[in-house]
Amino acid sequence: MGNDLSMDNYKTLVENIGSLLSESKKQVVQTVNNVLVKTYWEIGRYIVEFEQNGKERAEYGDELLVTLSKDLTLAYGKGFSKSNLFQIRQFYLKFQKFQTLSGKLSWSHYVEILKCDDELELGFYVKQCELENWSVRELKRQMKSLLFHRIALSKDKSEVIELSKSGHLIESPEDIVKDPYVLEFLGIPEQKAYKEGELEDKIIENLQGFLLELGRGFAFIGRQYKMQIGSRQFKVDLVFYNHILKCFVLIDLKRGEIEHYDVGQMNMYLNYFKSEMSSEGDNPPIGIVLGAYKDQLLMEYATQGIENNLFVSKYQLYLPNKDELQKELEKLLDSE
10 MGNDLSMDNY KTLVENIGSL LSESKKQVVQ TVNNVLVKTY WEIGRYIVEF EQNGKERAEY
70 GDELLVTLSK DLTLAYGKGF SKSNLFQIRQ FYLKFQKFQT LSGKLSWSHY VEILKCDDEL
130 ELGFYVKQCE LENWSVRELK RQMKSLLFHR IALSKDKSEV IELSKSGHLI ESPEDIVKDP
190 YVLEFLGIPE QKAYKEGELE DKIIENLQGF LLELGRGFAF IGRQYKMQIG SRQFKVDLVF
250 YNHILKCFVL IDLKRGEIEH YDVGQMNMYL NYFKSEMSSE GDNPPIGIVL GAYKDQLLME
310 YATQGIENNL FVSKYQLYLP NKDELQKELE KLLDSE
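In the working numbering, the protein residues as written are 10 to 345.
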């Protein structure tokens, strides 16, 4: 390497080879995952077809898996415990059309998704994993936070069914707003006294988790974002940009109950961003006032007549009660 130019070229060569090897490894892992998923689907099909052909009664199904587990483990080693075979069998029963399987999901993804209580929820998480490229860890968190239930309860029956088929598509400002937002990943005890600044600090420390809770397309712009309006200076707690909707998203945090003047203040921030910060091609900004409590009727009057995309939502520092949300969802689907 006799000169700087050749050294620069050499570095580029090394980087290009490294990128190729990294991409190649990803493809190998994906191929192995796809083969494993297909193999388990076929094993599940063999088990179910054997049961059906033999007209196995339910009480014999468990005995079959125990015997099969022993024989397969003896012949082929680990990976064929009774619980694994049960999951493999369930996998085929839930996805009997091989074409419905996603090439983006690993066997570990499917193991988690099989825990869903019904077909609507199951379909949603498959599609959402595809849309957002969730890791298994991210999928587990979203399932624990009952993302499907929280989104579904803001829709009617036909929209819930479509949600399970297509996932949560971001097409309008309303699509990015949740109520409630679940912030259990911040690690703040439910009964602990804390200040708004502490809540904001915790969100910044756990920004990856907060972006996951916000959903697709969000990029963090800044905190305590300064705005000079007339002779006064104001600050909005958190500013993001959503690349799908092509707009700024402003979030103001309230430790306790959201007041009517909080709505007015956010409306002013939105007007400022619309006039001073948005570029050509940007859509109008979205504002979310996020508090621990809200008076629904008061908020309806406070937001009435506001033309900006302004929303009021609650947050909670603990995981929601699944039984309660399941009952609400069933009530919604039955009422339609």
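Virtual Cβ for every residue (Gly too), placed ideally from N, Cα, C.
> Taking just the CA atoms, how far does K87 sit from C125?
Replying inline: 26 angstroms
> Who pairs with A228 in a beta bridge, going by DSSP?
Replying inline: Y250
> Quick one: is the Cβ of N93 within less than 7 angstroms of any heavy atom of the ligand HEM?
Replying inline: You won't find the ligand HEM in this model; it holds no ligand whatsoever.
> Whole beta strand (DSSP E) runs in the stretch 302 to 344 with 3 or more residues, listed along the chain?
Replying inline: 318 to 325
> Nearest-angstrom Cα distance between E128 and W143?
Replying inline: 20 angstroms
> Does any residue of chain C bring its CB to less than 8 angstroms from the CB of S163?
Replying inline: The structure shown has no chain C; it contains just one protein chain.
> How long is the line joining the alpha carbons of K35 and F107, rounded to whole angstroms?
Replying inline: 23 angstroms
>> Please state the DSSP three-state secondary structure of L94.
In response: helix
> So does the stretch 267 to 274 actually touch the stretch 217 to 236, counting three or more Cβ pairs closer than 8 angstroms?
Replying inline: no
>> Taking a contact to mean a Cβ-Cβ separation below 8 angstroms, would you say Y302 touches G265 in this structure?
In response: yes
> Does DSSP put K263 in a helix, in a strand, or in coil?
Replying inline: strand
> If you check the beta carbons only, do G300 and L259 fall under 8 angstroms apart?
Replying inline: no
> Do K153 and E121 come within 8 angstroms of each other at the CB atom, strictly closer than that value?
Replying inline: no
> Measuring CA to CA, which of F157, S117, L341, S240 is closest to N93?
Replying inline: S117
>> Let's test the definition: count the other Cβ atoms within 10 Å of the Cβ of K255 and tell me whether it reaches 16, buried, or not, exposed.
In response: exposed
>> Could you check whether E58 and L73 sit closer than 8 angstroms to each other, using their CB atoms as the reference points?
In response: no
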